[in-house]
DNA sequence: ATCATGGACGGGAGCGCTCCCAAATCACAC
DNA sequence: GTGTGATTTGGGAGCGCTCCCGTCCATGAT
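Residue numbers (the UniProt record's numbering), protein chains in the order written: chain R, 1 to 340; chain L, 1 to 340.
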């Protein structure tokens, strides 16, 4: 297991070459104040001449921080990894993190063994904080991290009484406004294609759907609800099943834009016109929503803001040592386009 | 920037509690030989009682290794991040790495600033090696890593005379056999939808396509080639363009299964029967290829083997200190199904 | 009882950095 | 020229671990 790198110059060697003390070089590479401009330049030249690169292990050990945060994707996410939600979120986190000087590292946790290994990695101090992608109901990882007192922020929550810090959107309100919109458009037989049943986000959106119907004095029929898993394929299948059970359907709320895209395809194949025969609403407002035919009415999730909020919460927790949990619920916005 | 974790017990404290020396505890946690079974148990109990977790920064510093490798995805990949190729590869790398005890960390490099930051991270010793996803022609990162003498393995290569270690598949041969297969099926107007023109893999597959046509005494027309980017959407678009230019097309080689899926959709909409009117071949052999209608004939890339090979090459380079580059070209296999 | 042999074990010497305090230097007013 | 306070600078003391050498002790041959 000899993984030695060839001899890299050390801070001390830089100091010797520049004719200054260790402390001064340290100040220079950390951009700290209190170094005369001329000295700084001398040191910088020595650094370049030697091709010096700070040893991060030593820095971590002495400074008691890793300057890195992990973004963990757990198994159930993984099968949805290929969906745009993830790349969008990762991008936005990357942007939000980019000026903190911290590295974002994505980590895959697909099994108990990998969960354990990650936990040791995190508890071992390799990261200063952990971001968790849409966790499922029974996932123990957030609790393990909380117990280890590692700053942690979830995207979405596992249940209504989640305590660990999280950033979520108002899924109930979003779904409700979407269905209200369908009702305003005169639709009455409104179906919904949900996400995986074991995710809280799914339950929330379903509740919003039901509340809107109840508010209109309509009774939500169980058979108007079909389960999907956020993928296009599941949207196709669920829509087909719904049409079979309820040919009279004239409105659909899908769990995501990708799901809605699948539903659109099925509706098209079945000869239903959108929005004339059936109005369709998605969830997310990804670029995809503007490329469907017809362009998709959808509930916008503020991905940028979500990424920024997650990073902000994480930084706050890191700053004060994870003594409190914080929750942020972001508002959604209905983007009305051509599919309703 | 105070990112201090609360006081974790140290190895020394464990040693004190177990009534042994530091060395012995170190031997126990590293599963090294030369510890009496009874002592080992005593130490293990102390570890559990204190909830000891080794400090990885200290271990890295003293041991001169990070026990982690990075998988870097550069910007151009990123827009294809949502395609299954990536999740498949990541999975297979995860499996291949899982029994080495090393952490796999995915890293996104979307800009020069991020490239620089990653380089410092890697040169700073945070990873023992680097895996690079399908790099584009002009990407300087592999050279920078090579110069820093960091063990590096590419998936695919940037050009025909790539020197940095890589694992690739026989793209020319794969495409050639696919086109030959179409020719055997009596097709003569064979088009191809390629990947991004600036990727070597695209050029190779195009060459295989042309060679097979030439072998059959056919002249490859420039207008039978349409550029895509591996996405389904690009498959749809490219196929539509091809049909417009060449309504007589009776065979298509797509750059990937996802692209082929897009092409299938367009063909279907255009009322062409597959394979009766047009035969379609994909590339990759993802699960997707078995779910299309009709099921897709495709050139199989041995993803599992690719992941294993990458890890093996990387470990070898780490072992001997990156003194040589190694190349592995894996064979492809034509999976004949219903679309041809 | 004596001695050689080898397996267990303890702990010193670093790994390369940050933190921080004391010392040195400088600027300026008197 | 002297004193005062601010600004720079040097370097000791760790951070928590691995490596490795020397010691200790049990075992068995003599």
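Positions of the beta carbon are idealized from the N, C-alpha and C atoms, including for glycine.
Residue 305 of chain R: which of R:167, R:233 and R:57 sits nearest, CA to CA?
The residue given as residue 305 of chain R occupies position 305 in the first chain. The option with the nearest alpha carbon to residue 305 of chain R is R:167.
Continuous beta strand (DSSP E) stretch holding residue 333 of chain L: start and end
Within the second chain, numbered from 1, the residue matching residue 333 of chain L stands at position 333. Residue 333 of chain L -> beta strand (DSSP E) spans 333-335.
By DSSP, does residue 36 of chain R sit in helix, in strand, or in coil?
Taking the first chain and counting its residues from 1, one reaches residue 36 of chain R at position 36. Coil, per DSSP.
If contact means a Cβ-Cβ distance below 7 angstroms, which residues of the stretch 118-136 of chain L contact chain R?
120, 121, 123, 124, 125, 126 and 128
If we require 4 or more residues per run, which alpha helix (DSSP H) segments fall completely within the stretch 153-222 of chain R?
171-184 and 200-215
What residue from L:155, L:196 and L:247 has the CA that sits closest to residue 164 of chain L's CA?
For the purposes of this step, residue 164 of chain L is taken as the residue at position 164 of the second chain. For the residues L:155, L:196 and L:247, the minimum Cα distance to residue 164 of chain L belongs to L:155.
Reduced DSSP secondary structure (H/G/I, E/B, other) of residue 246 of chain L:
The count along the second chain starts at 1 and reaches residue 246 of chain L at position 246. If DSSP states are grouped into helix, strand and coil, residue 246 of chain L belongs with coil.
Residues of chain R with CB under 7 angstroms from residue 110 of chain L, in chain order?
Against the second chain, residue 110 of chain L aligns to sequence position 110. Simply 94.
Please compile the residues from chain L whose C-beta is within a distance smaller than 8 angstroms of the C-beta of residue 343 of chain R.
Beyond the ends of chain R as shown, which are 1 and 340, falls residue 343 of chain R; an answer cannot be given.
Close-in-space but distant-in-sequence residues of the same chain around residue 108 of chain L (CB under 6 angstroms, 5 per side omitted):
Your numbering for residue 108 of chain L matches position 108 in the second chain. Closer than 6 angstroms at Cβ, skipping near neighbours: 73.
Could you check the C-alpha separation between residue 3 of chain L and residue 117 of chain L for me, to the nearest Å?
As a working mapping, residue 3 of chain L is identified with position 3 in the second chain. As a working mapping, residue 117 of chain L is identified with position 117 in the second chain. Unreliable positioning characterises residue 3 of chain L in this predicted model, as indicated by a pLDDT of 48, which lies under 50. A coordinate reading is not provided.
Which ranges does the alpha helix (DSSP H) cover as unbroken runs of at least 4 residues, wholly within the stretch 225-307 of chain R, from first to last along the chain?
232-245 and 257-269
Quick one: what's got a C-beta closer than 6 angstroms to residue 213 of chain L's C-beta in the same chain, skipping five residues either side?
Position 213 of the second chain, counting from 1, holds the residue named residue 213 of chain L. 220, listed in sequence order.
Using the C-alpha atoms, what's the distance from residue 334 of chain R back to residue 1 of chain L?
In the second chain, counting from the first residue as 1, residue 1 of chain L sits at position 1. In the first chain, counting from the first residue as 1, residue 334 of chain R sits at position 334. Annotation note: pLDDT 41 at residue 1 of chain L (below 50); position unreliable, coordinate value reported separately. So the alpha carbons of these two residues sit roughly 39 angstroms apart.
Chain-ordered neighbours of residue 58 of chain R on chain L, where CB pairs are closer than 7 angstroms:
In the first chain, the residue the question calls residue 58 of chain R occupies position 58. Within chain L, the residues near residue 58 of chain R are 61.
Let's see if you can read the secondary structure: which residues bound the beta strand (DSSP E) around residue 74 of chain L?
Taking the second chain and counting its residues from 1, the one referred to as residue 74 of chain L is at position 74. Run containing residue 74 of chain L: 68-74, per the beta strand (DSSP E) assignment.
My assumption, with CB atoms under 8 angstroms, is that residue 14 of chain R sits in contact with residue 47 of chain R. Please give the rounded CB distance.
As a first step, residue 14 of chain R must be located in the first chain, where it is residue number 14. As a first step, residue 47 of chain R must be located in the first chain, where it is residue number 47. With 8 angstroms as the limit, residue 14 of chain R and residue 47 of chain R qualify as a contact, their Cβ atoms being about 6 angstroms apart.
Within 8 angstroms, strictly: CB atoms of residue 181 of chain L and residue 281 of chain L:
As a first step, residue 181 of chain L is located in the second chain; it is residue number 181 there, counting from the start. As a first step, residue 281 of chain L is located in the second chain; it is residue number 281 there, counting from the start. Yes; because the gap between Cβ atoms is below 8 angstroms, this pair is in contact.
What does the Cβ neighbour count give for residue 319 of chain L, buried or exposed, with the cut at 16 atoms within 10 Å?
Along the second chain, one-based indexing puts residue 319 of chain L at 319. When all chains shown are included, residue 319 of chain L counts as exposed.
Any beta carbon of chain R sitting closer than 8 angstroms to that of residue 31 of chain L?
Along the second chain, one-based indexing puts residue 31 of chain L at 31. Cβ-Cβ to chain R under 8 angstroms: no for residue 31 of chain L.
Is residue 135 of chain R helix, strand or coil by DSSP?
Position 135 of the first chain holds residue 135 of chain R. In the structure shown, residue 135 of chain R sits in coil (DSSP, three-state: anything other than H, G, I, E or B).
Residues sharing a beta bridge with residue 29 of chain L, DSSP
Here residue 29 of chain L refers to the residue found at position 29 of the second chain. None, per the DSSP bridge assignment.
Quick check: what's the CA-CA separation for residue 110 of chain R versus residue 233 of chain L?
Sequence index remark: in the first chain, residue 110 of chain R carries index 110 (1-based). Sequence index remark: in the second chain, residue 233 of chain L carries index 233 (1-based). Taking the straight line joining both Cα atoms gives about 29 angstroms.
Should residue 196 of chain R be flagged as near chain L, meaning a C-beta pair shorter than 8 angstroms?
The residue given as residue 196 of chain R occupies position 196 in the first chain. Cβ-Cβ to chain L under 8 angstroms: no for residue 196 of chain R.
Using a Cβ-Cβ cut-off of 8 angstroms, state whether residue 54 of chain L counts as contacting chain R.
As a working mapping, residue 54 of chain L is identified with position 54 in the second chain. Chain R, which has a Cβ nearer than 8 angstroms to the Cβ of residue 54 of chain L, makes this yes.
In the DSSP output, what is residue 129 of chain R paired with across the bridge?
Mapped onto the first chain, residue 129 of chain R falls at position 129. Per DSSP, R:69.
Determine the direct distance from the alpha carbon of residue 303 of chain R to that of residue 331 of chain R, and round the result to whole angstroms.
The residue given as residue 331 of chain R occupies position 331 in the first chain. The residue given as residue 303 of chain R occupies position 303 in the first chain. C-alpha separation (whole angstroms): 11 angstroms.
If you follow the beta strand (DSSP E) that residue 102 of chain L is part of, which residue opens it and which one closes it?
As a first step, residue 102 of chain L must be located in the second chain, where it is residue number 102. Premise fails: residue 102 of chain L is in no beta strand (DSSP E) and is neither H nor E.
Given that a residue counts as buried once 16 or more other Cβ atoms are within 10 Å of its Cβ, and exposed if not, what is residue 33 of chain R?
Stepping through the first chain from its first residue, residue 33 of chain R is reached at position 33. Exposed is the call here.
Beta strand (DSSP E) segment containing residue 330 of chain L, residue limits:
In the second chain, residue 330 of chain L corresponds to position 330, counting from 1. Residue 330 of chain L -> beta strand (DSSP E) spans 327-330.
On the DSSP letters alone, give me the boundaries of the alpha helix (DSSP H) that residue 63 of chain R sits inside.
As a first step, residue 63 of chain R must be located in the first chain, where it is residue number 63. Element bounds for residue 63 of chain R: 56-63.
Excluding the 5 residues preceding and the 5 following residue 211 of chain L in the sequence, name in chain order all residues of the same chain whose CB lies nearer than 6 angstroms to its CB.
Residue mapping note: residue 211 of chain L aligns to position 211 of the second chain, counting from 1. Around residue 211 of chain L: 176.
Note down the Cα distance separating residue 283 of chain R from residue 144 of chain L, rounded to an integer number of angstroms.
Here residue 283 of chain R is taken as the residue at index 283 of the first chain, counted from 1. Here residue 144 of chain L is taken as the residue at index 144 of the second chain, counted from 1. Roughly 42 angstroms separates the two Cα atoms.
Considering Cα atoms alone, identify which of R:255, R:296 and R:237 is closest to residue 205 of chain R.
Locating residue 205 of chain R in the first chain gives position 205, counting from the first residue. The shortest Cα separation from residue 205 of chain R among R:255, R:296 and R:237 belongs to R:255.
Could you compute how far the alpha carbon of residue 87 of chain L sits from the alpha carbon of residue 149 of chain L?
Residue mapping note: residue 87 of chain L aligns to position 87 of the second chain, counting from 1. Residue mapping note: residue 149 of chain L aligns to position 149 of the second chain, counting from 1. So the two alpha carbons sit approximately 28 angstroms from each other.
Using a Cβ distance threshold of 8 angstroms, determine whether the stretch 190-201 of chain R contacts the stretch 225-232 of chain R, with at least three qualifying pairs required.
yes
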